[in-house]
Every structure is written in structure tokens, then in C-alpha cells.
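> First residue of the sequence shown: 102, per the working numbering; consecutive thereafter.
Okay, handing you the structure first.
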Amino acid sequence: MLLTITYTGQNTQNLGFLLYKNPARPQTVTLSYGKAYIFYPEISDTRTTAALLLSLDPIDLARGKAGSTGGGLFDYVNDRPYVSSSFMSTAISKAFGTAMSGRADEHQALSDSTLDLTAVISMLPCVGEKEKLSAVFAPLGYEVQYDAALSDEKFPAWGESRYVNLTLHGKVRLRDLLRHIFVLIPVFDRQKHYWVGEDEVKKLLSHGEGWLENHPEKAYITGRYLGRRKSLVSMAFAQLAGHEDAEEPAKESSETRVTLNMQRLNRVLAALKSSGASSVVDLGCGEGRLLSLLIKERQFSRIAGMDVSHVALKRASDRLRLESAGESYRERIALFQGSLTYKDSRISGFEAASVVEVVEHLDPARLSAFERVLFAFAKPKTIVLTTPNKEYNANYAFLHPKDLRHGDHRFEWTRAEFRNWANRIAADYGYRVEISEIGEADEIHGAPTQMGVFQLCD
Ligand code: SAH
């Protein structure tokens with residue numbers, strides 16, 4: 102992937118001083134996952150272009166170095182080496198760090214001036230609406246142009262590809278141009294090659310200083326830059342607003358999120374209790390939050406948690422203090438690893454089962470397997486199932502309308518879709534179902550979570 106920066110005006114070779122890169126000498130910067138090359142495809146008194154060419158090693162990426170997702174084939178077959186992504190941002194800060202800071206020694210006056218600059222960012226994955234490119238860059242003083250190729254020239258009906266070549270032209274300071282690009286490439290690409298933690302808030306605030314605070318798309322930029330980590334988004338917002346009237350970026354801030362989780366678990370617990378069941382298996386139990394509530398209820402004499410993830414089960418075991426527990430406690434509760442899409446006799450023989458915020462993690466093609474495993478094979482008398490209501494996502498300012506609430510969700514259902522699915526399942530497998538909502542509902546979109554309580558017909 103390639104980034105070029107063109108300076109038009111007089112004595113434009115000075116671009117080399119501002120970037121601390123000699124136009125006469127191509128340079129290489131070594132990165133942990135490849136190399137960045139800096140060179141000048143054109144140099145003249147009136148027009149000089151600097152280029153940053155990034156060459157990533159796809160095998161390094163796949164073998165667990167930076168960028169690896171641990172995601173099987175995806176690690177090998179992906180667009181990462183060929184697009185402008187957070188790798189490009191990292192390369193910009195390594196190659197042009199001094200220019201980004203605005204320090205230019207004897208050329209300080211030039212560095213502090215606005216210059217006629219044009220940046221071309223090639224192959225920028227634009228996840229979401231392309232109109233956002235103008236909404237985000239134009240308020241920063243750029244004329245915005247982009248061209249998007251067809252996905253496949255032989256099949257025009259497939260439409261435009263999501264990759265664009267983006268041209269930004271404006272009268273800006275070089276340091277601002279670099280800082281804008283640094284922050285905004287990952288906003289459009291969305292897939293960061295590193296874990297998004299609190300450091301990212303600092304990075305966003307320092308590179309966003311002076312332009313992000315009052316940007317009309319502040320919520321969008323912040324939400325996408327921080328990869329939808331809601332607690333981080335709230336933190337960034339509080340700091341952008343100067344701590345005073347911290348604007349709420351979304352309804353589901355970290356605090357309300359806790360309450361939504363708690364509300365959900367309490368409602369599931371109530372449904373399980375009122376079913377009269379004495380044994381319950383929590384499918385996709387995660388870190389065991391529901392299990393830790395179930396164990397406190399004497400009504401449940403036999404409890405089990407199943408999850409596909411070892412890590413989640415280890416956390417559940419720690420939360421329940423299973424290792425240090427006495428014999429009788431351990432006889433009451435068991436954890437085991439398994440998948441909901443395979444018949445498993447260990448989940449049979451329970452009077453009730455819960456499936457809390459799990460179905461949406463299943464591949465839609467495996468949904469029918471899950472249905473048979475639970476409703477036909479295990480067949481408990483009561484099944485309590487919750488899943489997000491996709492319509493409610495409209496309330497999350499930083500989610501694009503087409504986005505799902507969590508990166509690992511394979512799908513999310515609208516209220517009608519969930520109702521249809523639940524009614525069909527009930528009819529097919531001999532259950533009655535009652536559907537309700539959990540969390541604060543809004544008039545148009547309903548509540549954030551939806552729940553179905555299935556009762557086996559006599
Ligand atoms: N029920 C928990 C966790 C929800 S997160 C809670 O409400 O807190 C979804 C969980 O489903 C994760 O722990 C994930 O590991 C698990 N999961 C995803 N696919 C699964 C499958 N096929 N079988 C069992 N568990 C699965």
C-alpha cells in the first residue's frame with residue numbers, strides 16, 4: 102500500500118526537510134512485520150512528492166506476529182498486506198514521527214505554515230458508507246475525492262468494491278495532515294492489528310488535539326478508532342469534553358452496560374426459578390456470571406456450565422472458586438467444554454437450560470444443528486434464551502447502521518426475526534414460547550435484549 106504527499110508551491114523540495122527524509126536518498130524503515138520505503142517520485146521547485154510504500158510480509162502476519170487473529174484460514178487469506186490499514190498508521194509514525202510532532206529545527210516557520218498539500222491514500226478499506234469520507238475529511242479543510250473500482254470488472258452487478266483510492270487536497274500544516282491520516286485510516290479500515298487498550302485513548306487524544314474536539318463527526322471517529330470498546334469511548338469523550346459536561350457517546354456506556362448485564366441475568370434467573378426446575382445447564386456459560394447466581398439458589402441441586410472456550414471456562418472456575426471448594430459444592434456444579442452444535446449427552450437430563458447471548462455467535466449455517474442438539478436431543482422442559490435486538494443498535498451512536506454490536510457476532514435478529522424463529526422452533530419441536538424484552542426500551546426500536554422462554558408441551 103502506498104501513501105503519497107505532494108507539496109505544490111515554491112521551493113517545494115523543502116518537503117524533504119520537513120519530513121526529515123532526504124529527497125535524493127531513498128530510505129528504508131524496518132517494522133516488526135515488514136518494511137516501509139520512503140522515496141520521492143517527483144522533485145521540482147514547484148511540485149515535490151514524497152511516497153511511503155509499505156511492504157508487509159503475509160507469512161509473518163499469519164504466523165502469530167502482529168496482525169494475526171488466530172483465525173485459521175483468515176490469517177492466510179486476507180487483504181491486510183495490500184491495503185492501507187493501521188499498519189500504515191504505524192509506518193507513518195515511525196517514518197515521519199518528527200514531522201508529526203511539528204518540530205522542524207531551522208525550517209520551523211515553514212512547518213508552522215499551511216501549505217498546499219495533496220495526499221493520496223491507496224486502497225483504503227472503507228467499511229461502511231463511503232459518504233462518510235467527505236463527512237469526516239471535509240470539515241478538516243480538505244477537498245475530498247475518491248474512486249472505487251468495481252468488485253469484479255466481469256460482474257458489474259456485484260457493485261463497487263469497498264476499497265477506495267482517496268485523494269485529499271487542502272491548505273494545511275504538514276503535521277496536521279499526518280495526524281489526520283494517522284487517526285483516520287483505522288477509522289475507515291476498522292481492523293486494528295493490535296489490541297485496543299487504554300493507550301489508544303492517549304494516542305487518539307494526542308493526535309486528535311486541536312481538531313477532534315470540535316469535529317462534527319467526533320462520536321463516529323472516536324467510536325470507530327477505539328474499536329467500539331465502550332468503556333474506552335466513554336473515557337475519550339470525557340477527556341475530549343474537558344471533564345466537565347462529558348457527553349454520553351452512547352446509551353450503553355460502561356455503567357448502563359453493567360446494569361443491562363445484571364438485568365439480563367436477573368431476568369434469566371427469575372425465569373429459571375419460576376420454571377420450578379431443580380437442575381439447570383447454562384450453555385455458552387462464558388465466565389460463569391449466571392452460574393455464580395444459580396449456585397446461591399438452593400432450588401438448584403444440580404448445575405452445569407458448558408462453553409466452547411477453555412479460557413472462558415478457566416475464568417468461570419476461578420469465579421466460582423471451584424478449585425478450593427469442598428466436595429458437596431463440587432458435586433452440585435460442573436463445568437465442561439463442548440460445542441452447542443454437536444450432540445452431547447452431557448447436556449441431557451437437565452430440567453432447564455439457559456442460552457444467554459450465545460446464538461448470535463453461531464454460524465447461521467450451524468443454527469439448525471444447534472436447534473436439533475438443544476430442542477430435539479437434550480430437550481429440557483424449560484429453555485431460556487436471550488439475544489440482542491438488532492433494531493436497538495440505532496441507539497449506539499458509534500455503530501454504523503449495518504454494524505453488529507460485537508465483533509464476534511455472526512448475526513443479530515430484529516424483533517420480528519427473533520419472533521419468527523422462536524415460533525417456528527416451538528412449533529417444530531413441541532414447545533410453547535413466550536417472548537419478552539430486557540433493558541430500557543425505546544418506542545421505535547424496542548429494548549436492547551430479547552428473551553424467549555420455551556416450555557415443553559405436555
Ligand atoms: N452466557 C455468557 C456468555 C455470553 S458470550 C454471558 O451471558 O455472560 C458467548 C459465549 O458463547 C462465549 O463464552 C463463547 O465462548 C460461547 N460460544 C460460542 N460459540 C459456542 C458454541 N458453538 N458452543 C458453546 N459455546 C459457544
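Note that CB positions come from ideal geometry on N, CA and C, so glycine has one too.
So, is A375 buried or exposed, given that buried needs 16 or more other C-beta atoms within 10 angstroms?
Residue 375 sits at position 274 when you count from the first residue of the sequence shown. Looking at the sequence provided, one finds Ser at residue 375 rather than Ala. Classification of S375: exposed, given that the 10 Å Cβ count is below 16.
> Determine contact between the segment 396 to 413 and the segment 376 to 385, defined as no fewer than three beta-carbon pairs at a distance below 8 angstroms.
Touching, per the Cβ criterion.
> Out of T105, T113, N115, which has the shortest C-alpha to C-alpha gap to F140?
As a working mapping, residue 140 is identified with position 39 in the sequence shown. Comparing Cα-Cα distances from F140 to each of T105, T113, N115, the minimum goes to T105.
> Following a CB-centred definition, is A371 positioned closer than 7 angstroms to any heavy atom of the ligand SAH?
For the purposes of this step, residue 371 is taken as the residue at position 270 of the sequence shown. Not under cutoff, so the answer is no.
> Is R447 near the ligand SAH, with its Cβ less than 7 angstroms from a heavy atom?
Residue mapping note: residue 447 aligns to position 346 of the sequence shown, counting from 1. Outside the cutoff, so no.
> Relative to the C-alpha of A542, which residue among P489, V273, A372, T483 is closest?
Against the sequence shown, residue 542 aligns to sequence position 441. Residue P489 is the option with its Cα nearest to A542.
> Taking DSSP as the reference, what is the three-state secondary structure of E143?
Within the sequence shown, numbered from 1, the residue matching residue 143 stands at position 42. E143: strand per DSSP, three-state reduction.
> Taking 7 angstroms as the line, does the beta carbon of H386 fall inside it for any heavy atom of the ligand SAH?
On the sequence shown, position 285 is the one that residue 386 refers to. First, the amino acid is wrong: residue 386 is Cys here, not His. Yes - the ligand SAH has a heavy atom lying nearer than 7 angstroms to the Cβ of C386.
> Look up A426 in the DSSP assignment and say whether it is helix, strand or coil.
Taking the sequence shown and counting its residues from 1, one reaches residue 426 at position 325. A426: coil per DSSP, three-state reduction.
> Starting from S190, trace the alpha helix (DSSP H) both ways and give me its first and last residue.
For the purposes of this step, residue 190 is taken as the residue at position 89 of the sequence shown. Unbroken alpha helix (DSSP H) run through S190: 187 to 196.
> Tell me whether E544 is buried or exposed, calling it buried when 16 or more other Cβ atoms sit within 10 Å of its Cβ.
Start at 1 with the first residue of the sequence shown, and residue 544 comes out as number 443. Exposed: under 16 other Cβ atoms inside 10 Å.
> With a CB to CB cut of under 8 angstroms and the five nearest residues on each side skipped, what residues in its chain are close to N524?
In the sequence shown, residue 524 corresponds to position 423, counting from 1. The residues are V534.
> Quick one: Cα of F555 to Cα of V459, how far?
Here residue 555 refers to the residue found at position 454 of the sequence shown. Here residue 459 refers to the residue found at position 358 of the sequence shown. Roughly 16 angstroms separates the two Cα atoms.
> Start and end of the alpha helix (DSSP H) containing R276?
In the sequence shown, counting from the first residue as 1, residue 276 sits at position 175. Where R276 is concerned, the enclosing alpha helix (DSSP H) stretches over 275 to 290.
> Name the residue from D529, E538, M189, F437 whose alpha carbon lies nearest to the alpha carbon of A517.
Against the sequence shown, residue 517 aligns to sequence position 416. Looking at the Cα atoms, E538 is the closest of the given residues.
> Out of G540, T442, H308, which has the shortest C-alpha to C-alpha gap to M571?
Because the chain spans 102 through 559 in this model, residue 571 falls outside it and cannot be assessed.
> Pick out whichever of V302, E232, N115, T323 has its Cα sitting closest to the Cα of A210.
The residue you call residue 210 lines up with position 109 of the sequence shown. The shortest Cα separation from A210 among V302, E232, N115, T323 belongs to N115.
> Starting from I322, trace the alpha helix (DSSP H) both ways and give me its first and last residue.
Along the sequence shown, read from residue 1 onward, the residue named residue 322 stands at position 221. First-last of the alpha helix (DSSP H) with I322: 319 to 326.
> Confirm, please, whether the CB-CB distance from V485 to V369 is below 8 angstroms.
In the sequence shown, residue 369 corresponds to position 268, counting from 1. In the sequence shown, residue 485 corresponds to position 384, counting from 1. In this structure, V485 lies closer than 8 angstroms to V369 by Cβ.
> Considering only residues of the same chain and omitting the five flanking positions on each side of L155, which have a CB-CB separation below 7 angstroms?
Translated into the one-based positions of the sequence shown, residue 155 becomes position 54. M102, G135, A137, F188, M189, A192, listed in sequence order.
> At 3 residues or longer, what runs of the beta strand (DSSP E) sit wholly inside the segment 433 to 513?
Qualifying beta strand (DSSP E) stretches, in chain order: 434 to 438, 453 to 457, 483 to 489.
> CB-CB under 7 angstroms to L120, same chain, minus the five flanking residues each way: which ones, in chain order?
Residue numbering aside, residue 120 sits at position 19 when the sequence shown is read from its first letter. Counting only Cβ-Cβ distances below 7 angstroms, and skipping sequence neighbours, we find A151, F197, A200.
> Do E472 and the ligand SAH come close, with the Cβ less than 7 angstroms from some heavy atom?
As a first step, residue 472 must be located in the sequence shown, where it is residue number 371. E472 Cβ: outside cutoff for every heavy atom of the ligand SAH.
> Excluding the 5 residues flanking G171 on each side, which residues of the same chain have their C-beta closer than 7 angstroms to its C-beta?
Taking the sequence shown and counting its residues from 1, one reaches residue 171 at position 70. Per-residue confidence for G171 stands at a pLDDT of 46, beneath the threshold of 50, marking its modelled position as unreliable; the derived number appears in the next sentence. Taken in chain order, the list of residues that qualify is empty.
> So A249 is in the alpha helix (DSSP H); what residue range does that whole segment cover?
Residue numbering aside, residue 249 sits at position 148 when the sequence shown is read from its first letter. Unbroken run through A249 is the beta strand (DSSP E), 244 to 251; no alpha helix (DSSP H).
> State the Cα-Cα distance for the pair T129 and L153, rounded to the nearest angstrom.
One-based indexing of the sequence shown puts residue 129 at position 28. One-based indexing of the sequence shown puts residue 153 at position 52. Rounded to whole angstroms, T129 to L153 spans 10 angstroms at the Cα level.
> For D383, list the residues DSSP reports as bridge partners.
If you number the sequence shown from 1, residue 383 lands on position 282. Note: D383 sits in a beta bridge opposite G406, S455.
> State the start and end residues of the unbroken alpha helix (DSSP H) segment that holds S307.
Working through the sequence shown from its first residue, we reach residue 307 at position 206. Unbroken alpha helix (DSSP H) run through S307: 299 to 309.
> Taking 7 angstroms as the cut-off, is the C-beta of L306 nearer than that to any heavy atom in the ligand SAH?
Start at 1 with the first residue of the sequence shown, and residue 306 comes out as number 205. Checking every heavy atom of the ligand SAH against the Cβ of L306, none is found closer than 7 angstroms.
> Please report the distance separating the alpha-carbon of A479 from that of G324.
Start at 1 with the first residue of the sequence shown, and residue 479 comes out as number 378. Start at 1 with the first residue of the sequence shown, and residue 324 comes out as number 223. Looking at the two C-alpha atoms, the distance is approximately 41 angstroms.
> Take K386 and list the residues in its own chain whose beta-carbon comes closer than 7 angstroms to its own, dropping the five residues that flank it on each side.
The residue labelled residue 386 in the question sits at position 285 within the sequence shown. What sits at residue 386 in the sequence shown is Cys, not Lys. Counting only Cβ-Cβ distances below 7 angstroms, and skipping sequence neighbours, we find L392, G406, M407, D408, A417.
> Determine, using beta carbons only, whether H436 and L414 come nearer to each other than 8 angstroms.
Within the sequence shown, numbered from 1, the residue matching residue 436 stands at position 335. Within the sequence shown, numbered from 1, the residue matching residue 414 stands at position 313. Here the sequence assigns Leu to residue 436, which means His is not the residue at that position. Their beta carbons are under 8 angstroms apart, which means L436 touches L414 by this criterion.
> According to DSSP, simplified to helix, strand and coil, what is R525?
Within the sequence shown, the letter at position 424 stands for residue 525. The answer is helix: DSSP assigns R525 an H, G or I state.
> The beta strand (DSSP E) that contains Q128, what's its start and end?
For this step, residue 128 is matched to residue 27 along the sequence shown. Looking at the DSSP string, the run of the beta strand (DSSP E) that includes Q128 is 128 to 132.
> Mind reading off the beta-carbon distance from A205 to F118? Whole number of angstroms is fine, and I expect it under 8 angstroms.
To locate residue 205, count along the sequence shown from 1; it is residue 104. To locate residue 118, count along the sequence shown from 1; it is residue 17. The pair is a contact, with the Cβ atoms about 7 angstroms apart (cut-off 8 angstroms).
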